[in-house]
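A quick write-up on the structure given underneath.
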Amino acid sequence: MPEPRREAREGREAAGDDRAALVRAMTGFARTLRAAGVAADHQRTQGFLAALRELGACEPRDVYWAGRLTLCSCPDDLDRYDRCFAAYFGGERPAARRAPPAVTVTRFVLRPDEGAGERDEGGEASAAATASEIEVLRHRDVARMTAAERQEVARLLGMLRSARERRRSRRRAPSHHGALDGRRTVREAVRRGGEPARLRFRDRTEKPRRVVMLVDVSGSMAPYADTLLRFAHALVRAEPRATEVFTVGTRLTRVTAELRHRDPAVAMDAVSAAIPDWSGGTRLGEELKELLRLSDPRGAIVVIASDGWERGDASLLGRQMERLSRLAHRVIWVNPHKGDPAYRPLTAGMRAALPYVTEFVAGHSLAAYEELALRLAGDAARNVVVHRGRPDA
Amino acid sequence: MSQRTNPDPAAAGEVTGAAAGIDSPVKLAALLEEHDYLADEGLATAAFLALRMGRPLFLEGEAGVGKTELAKTLAAILDAPLIRLQCYEGLDAAQALYDWDFARQLLHLKAAEAAGVTDVRALEGEIYDRRFLVARPLLRALETWPCVLLVDEIDRADDEFEAFLLEVLSDFTISVPELGTIRAQTPPVVVLTSNRTREVHEALKRRCLYHWIEHPSFEREVAILLRRLPACTEELAAEVAGAAGRLREADLVKPPGVAETLDWAEALLTLGAVRLDPGLAAVTLGALLKYREDQEAVRRGGLLGDGLATRAGGGSGRA
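Keeping their order, the protein sequence lines are chains U and C. With the first letter of the first sequence counted as 1, position 95 gets the number 95 in the numbering used here; the numbers rise by one all the way through. Every position in the second sequence, counted from 1, becomes a number in the numbering used here once 393 is added.
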């Protein structure tokens with residue numbers, strides 16, 4: 001190639017360098033988003049780069065929209081995205097690289113000594129409890145347990161295999177009765193040389209009834225939150241597609257995806273990282289309103305695990321409960337304090353909610369959770385595995 | 394078989410041309426505005442990228458913010474039919490993808506039997522032919538070109554259905570076991586909407602551009618009212634938009650969307666209103682708020698009374 005071409009080539013290389021730098025900067029941005037909890041994976045990052053190419057110019061607003069449209073996938077992502085965008089680009093040239101923003105992660109920690117009135121002699125022992133010990137443990141209030149006992153309860157909840165009440169779905173499947181199944185009838189007729197002699201049918205199938213569970217993670221519920229979330233994990237594990245779990249405190253957080261990890265330890269870590277308002281106050285009324293907006297409780301069993309200690313307006317809670325009771329199949333309220341025979345539902349929140357609750361149950365011990373699992377199982381209850389100690393063990 | 398693919402390359406070139414004429418989000422926003430749809434920067438960019446990248450556009454937002462309307466307007470801009478699939482629980486392949494026309498198949502079998510054809514293989518070949526296949530919205534969208542496919546309220550369908558949709562939207566193919574794979578030569582423009590009553594599967598979302606539509610700002614809502622309702626005065630539009638904005642911040646079961654605001658303004662205009670007065674507002678409230686609790690809350694709280702008269706004109710300071 002003659003000399004005059006050289007300049008052009010250098011220009012091209014410089015442009016290539018620019019492009020490489022741009023790609024590096026943008027993938028760096030995607031990495032920052034990932035660190036902040038946005039699911040900006042490789043495929044999405046490719047989409048981001050393609051969108052940037054389509055938009056041509058590298059104006060900050062183009063970069064902003066290209067990224068937001070391709071890298072985010074839910075409203076929660078949008079806040080994180082805006083924060084990361086500001087931190088990463090800082091309103092300057094896209095190539096300017098900044099340190100990724102700090103991510104605040106609230107770790108879920110068991111508080112072993114809190115409320116530990118009675119201590120077992122083998123407090124440190126990590127060996128699995130024997131059957132008779134399990135029997136004792138089953139009825140013990142979770143809030144008054146030692147760390148080792150809680151660990152054992154957690155282990156047992158990890159083994160809880162809960163069944164789910166069934167309901168008729170609109171989907172049809174081959175059956176001996178029901179509506180005519182044209183497809184299979186024709187196939188059969190072809191097989192018999194054209195004579196539609198044997199008719200085939202399809203009928204409605206059954207599906208697990210959906211459960212929407214709300215776990216109160218505010219300060220007053222702190223001793224029970226871990227156990228409740230583990231119970232929720234057992235529900236999600238059993239019916240991942242028919243269970244939604246939210247935590248409530250000062251805000252509503254959907255934690256279903258986090259609870260889909262099979263391993264309870266991994267799931268609990270993911271959940272604690274996702275909950276921003278650990279041990280704060282409760283605004284149940286507000287949260288319930290948000291829940292009614294975010295999730296469709298029509299036909300579902302709604303489980304609310306809370307002590308009803310409402311910091312906000314109790315009449316708002318009452319109104320939302322009324323609405324919920326009209327939409328849901330059943331509303332089960334789980335209150336840990338109800339295990340105490342002396343307990344009376346006197347808090348304003350509890351009093352406002354109770355008229356709209358179908359079942360009001362205790363939620364303080366392993367036995368209470370097993371009972372709750374049976375309630376959710378309905379007719380399918382025979383499949384529930386409960387842990388009972390043999391009396392002779 | 395000609396129906397299985399997009400038949401006419403010349404026609405294809407033509408519409409690529411129409412979409413190619415849209416060379417920036419600003420241009421698309423202008424086109425949308427010509428069709429009376431006022432999109433903000435984010436939505437215009439989202440729709441632009443969906444057209445250019447051939448990716449489905451996944452729209453979320455409160456009910457009534459104009460998700461479905463966008464698909465209709467895009468169809469109008471591209472001069473293409475809108476193929477709509479309304480999702481519901483129990484929606485299955487036979488209703489969304491394709492179904493066999495059993496009655497005609499059986500008739501054909503009887504005819505063949507009468508003619509003395511008994512070879513099962515030959516019969517199968519005749520029966521499972523494209524002409525006995527009834528195209529449902531998704532198959533129709535792959536076979537029609539150009540077109541805009543609207544998959545409305547995907548969160549209402551159960552998740553098994555998302556698996557079908559995933560196949561269609563990732564490769565733009567549908568496999569019919571008896572017939573083979575039907576492929577779209579050029580992917581249709583796809584808009585999916587969700588009200589977020591259920592989290593849609595990650596794999597599906599990953600193939601889409603994601604956009605959350607907000608309620609419009611006060612100024613935009615006034616502009617929308619004026620554009621859609623030529624008879625509406627600026628004062629009335631400002632008062633209606635101001636009231637709607639305030640109601641969205643109040644504690645309501647179902648805050649009004651743009652669709653409701655438009656209905657309300659239209660109801661007021663039908664009654665000959667030039668300004669919003671509390672009496673007229675009270676009798677037309679049903680067009681704006683669809684829950685008894687909400688209507689009562691508004692009447693009790695005086696949100697449409699004196700507050701309206703004093704503040705609505707100024708637009709109540711909404712951004």
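By construction, the Cβ of each residue, glycine as well, lies at the ideal position given by its N, Cα and C atoms.
Kindly list, in the order they appear in chain U, the residues whose Cβ is closer than 7 Å to that of residue i.
i: W605 (chain C); result: P75, L78
i: R589 (chain C); result: L294
i: D552 (chain C); result: R241
i: L559 (chain C); result: Here the premise fails: no neighbours, minimum Cβ distance about 13 Å.
i: R621 (chain C); result: The premise fails here: R621 (chain C) is roughly 26 Å from chain U at the closest Cβ pair, so nothing lies under 7 Å.
i: G695 (chain C); result: None at all; the shortest Cβ gap to chain U is about 18 Å.
For a contact meaning CB atoms closer than 9 Å, what does residue i contact in chain U?
i: R599 (chain C); result: A39, D41, Q43, R44, G47, S73
i: L602 (chain C); result: G47, A51, L69, T70
i: E453 (chain C); result: C74, P75
i: G414 (chain C); result: Residues of chain U passing the Cβ test: none, with the nearest at roughly 15 Å.
i: E595 (chain C); result: A39, S73, A257
Kindly list, in the order they appear in chain U, the residues whose Cβ is closer than 8 Å to that of residue i.
i: A439 (chain C); result: W65, L69
i: W657 (chain C); result: Neighbours of W657 (chain C) on chain U: none; closest Cβ ~21 Å, over 8 Å.
i: F689 (chain C); result: The sequence shown places Glu at residue 689 (chain C), rather than the Phe named in the question. Chain U residues near E689 (chain C): none, gap ~11 Å exceeds 8 Å.
Which residue from the options puts its Cα closest to that of residue i?
i: L294 (chain U); options: C:R529, C:E455, C:L478, C:A534; result: C:E455
i: V667 (chain C); options: C:A630, C:V458, C:F525; result: C:A630
i: A556 (chain C); options: C:L484, C:L572, C:G459; result: C:L484
i: E287 (chain U); options: U:V186, U:A51, U:E310; result: U:E310
i: P539 (chain C); options: C:P581, C:T566, C:E453; result: C:P581
i: T347 (chain U); options: U:R323, U:S325, U:G318, U:V331; result: U:G318
i: E135 (chain U); options: U:L376, U:A368, U:L374; result: U:A368
i: A432 (chain C); options: C:G635, C:E607, C:T677; result: C:E607
i: P174 (chain U); options: U:G158, U:F201, U:A377; result: U:F201
i: D429 (chain C); options: C:L645, C:I617, C:E653; result: C:I617
i: K460 (chain C); options: C:R514, C:K420, C:I520, C:R477; result: C:R477
i: Y64 (chain U); options: C:G435, C:L444, C:A469, C:E536; result: C:G435
i: R164 (chain U); options: U:V217, U:P240, U:T358, U:A20; result: U:P240
i: A522 (chain C); options: C:F495, C:S563, C:P648; result: The amino acid occupying residue 522 (chain C) in the given sequence is Asp; Ala does not appear at that position. Nearest C-alpha to D522 (chain C): C:F495.
i: E612 (chain C); options: C:E628, C:H501, C:E592; result: C:E628
i: D76 (chain U); options: U:G37, U:A66, U:L49, U:A50; result: U:G37
i: F231 (chain U); options: U:L52, U:G249, U:V211; result: U:V211
i: C84 (chain U); options: U:T250, U:R34, U:Q320; result: U:R34
i: L252 (chain U); options: U:Y224, U:K289, U:G219, U:K338; result: U:K289
i: P60 (chain U); options: U:E370, U:G47, U:D82, U:P208; result: U:D82
i: G219 (chain U); options: U:R237, U:L180, U:T282, U:V186; result: U:T282
Anything in chain C within Cβ reach of residue i, meaning under 7 Å, just list it in chain order.
i: S169 (chain U); result: G483
i: A189 (chain U); result: L499, L502
i: E152 (chain U); result: Here the premise fails: no neighbours, minimum Cβ distance about 33 Å.
i: G182 (chain U); result: W493, F495
Please check the pair residue i and residue j, which I expect to be a contact at CB under 8 Å, by giving their CB distance rounded to whole angstroms.
i: G365 (chain U); j: D141 (chain U); result: A small correction: the amino acid at residue 365 (chain U) is Ser; Gly does not occupy that position in the sequence shown. At roughly 6 Å, the Cβ-Cβ gap stays under 8 Å, so S365 (chain U) and D141 (chain U) are in contact.
i: L673 (chain C); j: C625 (chain C); result: Not confirmed; about 14 Å, so no contact.
i: L450 (chain C); j: A489 (chain C); result: Wrong, their Cβ atoms sit about 19 Å apart, outside the cutoff.
i: L584 (chain C); j: V541 (chain C); result: Sequence check: residue 584 (chain C) is Val here, not Leu. V584 (chain C) to V541 (chain C), Cβ: 7 Å. Contact.
i: M213 (chain U); j: L235 (chain U); result: 6 Å
i: G308 (chain U); j: P345 (chain U); result: 7 Å
i: G363 (chain U); j: L157 (chain U); result: Contact doesn't hold; Cβ gap of about 12 Å is too wide.
Residue i versus chain C: which residues are under 9 Å apart at the beta carbon?
i: P196 (chain U); result: L499, L502, K503
i: E403 (chain U); result: Only positions 1 to 393 of chain U appear in the structure, and residue 403 (chain U) is not among them; the question remains open.
i: E54 (chain U); result: F441, L442, R445, M446
Say whether chain A places a C-beta atom closer than 9 Å to the C-beta of residue i.
i: D644 (chain C); result: Looking for chain A here will not work: the only protein chains present are U and C.
In chain C, which residues lie less than 8 Å from residue i when you measure between Cβ atoms?
i: V186 (chain U); result: W493, F495, Q498, L499, L502, I520
Selection of the region 495 to 517 of chain C by Cβ proximity to chain U, strictly under 7 Å = From the region 495 to 517 of chain C, only F495, Q498, L499, L502, K503, A505, E506, T511, V513, L516, E517 have a Cβ closer than 7 Å to chain U.
Proximal residues, the region 269 to 301 of chain U versus chain C, C-beta separation under 7 Å = Cβ contacts with chain C: L294, S295, D296.
Say whether the region 565 to 576 of chain C touches the region 416 to 428 of chain C, bearing in mind that this needs 3 or more beta-carbon pairs closer than 8 Å, one atom from each stretch.
-> Contact between the region 565 to 576 of chain C and the region 416 to 428 of chain C is absent, because fewer than three Cβ pairs lie under 8 Å.
Give the residues from the region 512 to 546 of chain C that approach chain U closer than 7 Å (Cβ to any Cβ), ordered along the chain.
-> Flagged, chain order: V513, L516, E517, I520.
Would you say the region 72 to 90 of chain U touches the region 601 to 612 of chain C, given that touching needs at least three Cβ pairs under 8 Å?
-> The region 72 to 90 of chain U is in contact with the region 601 to 612 of chain C.
Contact set between the region 566 to 590 of chain C and chain U, restricted to residues whose Cβ is under 7 Å from the partner | Within the region 566 to 590 of chain C, R589, T590 place their CB atoms closer than 7 Å to a CB of chain U, listed in sequence order.
Spell out a yes or no on whether the region 191 to 209 of chain U and the region 509 to 520 of chain C are touching, meaning 3 or more CB-CB pairs, one atom from each, closer than 8 Å.
-> Between the region 191 to 209 of chain U and the region 509 to 520 of chain C, the count of Cβ pairs shorter than 8 Å is three or higher; the stretches touch.
In the region 246 to 262 of chain U, which residues sit with their C-beta less than 9 Å from some C-beta in chain C, listed in chain order?
-> Within the region 246 to 262 of chain U, those residues whose Cβ lies closer than 9 Å to any Cβ of chain C are, in chain order, R254, T256, A257.
Which residues, in order along the region 628 to 640 of chain C, keep a beta-carbon less than 8 Å from a beta-carbon of chain U?
-> For the region 628 to 640 of chain C, the set of residues with a beta-carbon nearer than 8 Å to any beta-carbon of chain U is empty.
Contact the region 243 to 260 of chain U vs the region 272 to 286 of chain U: 3+ CB pairs below 8 Å | Judged by Cβ distances under 8 Å, the region 243 to 260 of chain U makes contact with the region 272 to 286 of chain U, as three or more pairs qualify.
Select from the region 651 to 680 of chain C all residues with a C-beta closer than 8 Å to any C-beta belonging to chain U, and list them in chain order.
-> Within the region 651 to 680 of chain C, no residue qualifies.
Determine which residues of the region 457 to 477 of chain C have a Cβ less than 9 Å from any Cβ of chain U, and write them out in chain order.
-> Result list empty, no residue passes.
May I ask you to list, following chain order, the residues of the region 190 to 224 of chain U that have a beta carbon less than 7 Å from some beta carbon of chain C?
-> Contacts with chain C (Cβ-Cβ distance below 7 Å) from the region 190 to 224 of chain U involve V190, R191, G193, G194, E195, P196, listed in chain order.
Would you say the region 174 to 184 of chain U touches the region 289 to 303 of chain U, given that touching needs at least three Cβ pairs under 8 Å?
-> No, the region 174 to 184 of chain U does not touch the region 289 to 303 of chain U.
Just by C-beta distance, which residues in the region 350 to 382 of chain U are closer than 9 Å to chain C?
-> Answer in chain order: no residues at all.
Looking at chain C, which residues of the region 313 to 339 of chain U have a Cβ within less than 8 Å of any of its Cβ atoms?
-> Cβ contacts with chain C: L316, R319, R323.
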